[in-house]
Amino acid sequence: MSIAHLLEDFSTPTADTPTHAETTGDADMLASFEQGYKAGWDDAIKASSEEQAHIAADLARNLQDLSFTYTEAYVAMAAAMKPVLEQIVTKVLPPIAQASLVPRIVEQLEDLCKGATDVTAEIVAAPGTAERLSAYLPGSISMPVEILEDSSLTDGQAFIRLGTREKQIAMDDVLSGIEEAIAGFFHETEKEARHG
2 MSIAHLLEDF STPTADTPTH AETTGDADML ASFEQGYKAG WDDAIKASSE EQAHIAADLA
62 RNLQDLSFTY TEAYVAMAAA MKPVLEQIVT KVLPPIAQAS LVPRIVEQLE DLCKGATDVT
122 AEIVAAPGTA ERLSAYLPGS ISMPVEILED SSLTDGQAFI RLGTREKQIA MDDVLSGIEE
182 AIAGFFHETE KEARHG
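Under the working numbering, think of the first position of the sequence shown as 2, with each following residue one higher.
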């Protein structure tokens, strides 16, 4: 086996055979290319990672801004609605509740009268309600009905008695419940606005 290929040839090179300097230059050039390629690839990965981090940070900031915007809009809308809802509860609902008191009493009386015989129904209501009740009582109630007024009752309150059974109707309690629900809603909204 010959080791001639390991030794440098000092003969005059022909155009076909590359010299040792040329092959060494090619290897160096290939190594430089590989090193440059690797450096470029590393730079591209680093730039991509930085861009991803920047995009993620922008997205998080935009979502946070959107969240604040929604909360602020919700609080502003609730604050604008508060006087309207308070006016509805104090001005609109009481007359509606008063107007629906008599039909509600009659409805409850009809339910209590089912299956009852030979018993006098008694309705105790606030003063001024008796006339409206008398005019509204339908002919479908076959038993006698006695309407009494009690000055201790307020508008919107009534009792229906049928033998030992008694039902209370309190439209004021319904209005108070609505008022409390609205106040609770605004309290929670204000609390959320303060605490985010």
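Where a beta carbon is used, it is the ideal one built from N, C-alpha and C, also for glycine.
Since the structure is predicted, the reported quantities are computational estimates derived from the model, not experimental observations.
Using beta-carbon positions only, say whether A98 and M172 come within less than 7 Å of one another.
Yes, the Cβ-Cβ distance between A98 and M172 is below 7 Å.
Considering Cα atoms alone, identify which of Q109, C114 and E189 is closest to F160.
The option with the nearest alpha carbon to F160 is Q109.
By a C-beta neighbour count over all protein chains shown, 10 Å radius and 16 as the cutoff for buried, is Q158 buried or exposed?
That one is buried.
Taking only three categories from DSSP, how would you classify F11?
Note: F11 maps to coil in three-state DSSP.
Roughly how many angstroms separate the alpha carbons of F186 and G178, rounded to a whole number?
Roughly 12 Å between the two C-alpha positions.
How would you label T13, buried or exposed, when you count the other beta carbons within 10 angstroms and need 16 or more for buried?
Exposed: under 16 other Cβ atoms inside 10 Å.
Count the C-beta pairs between the region 75-94 and the region 141-151 that are closer than 8 Å, then say yes if the count reaches three, no if not.
Not touching, per the Cβ criterion.
Give the secondary structure of I161 by DSSP, where H, G and I count as helix, E and B as strand, and everything else as coil.
I161 falls in the strand class under three-state DSSP.
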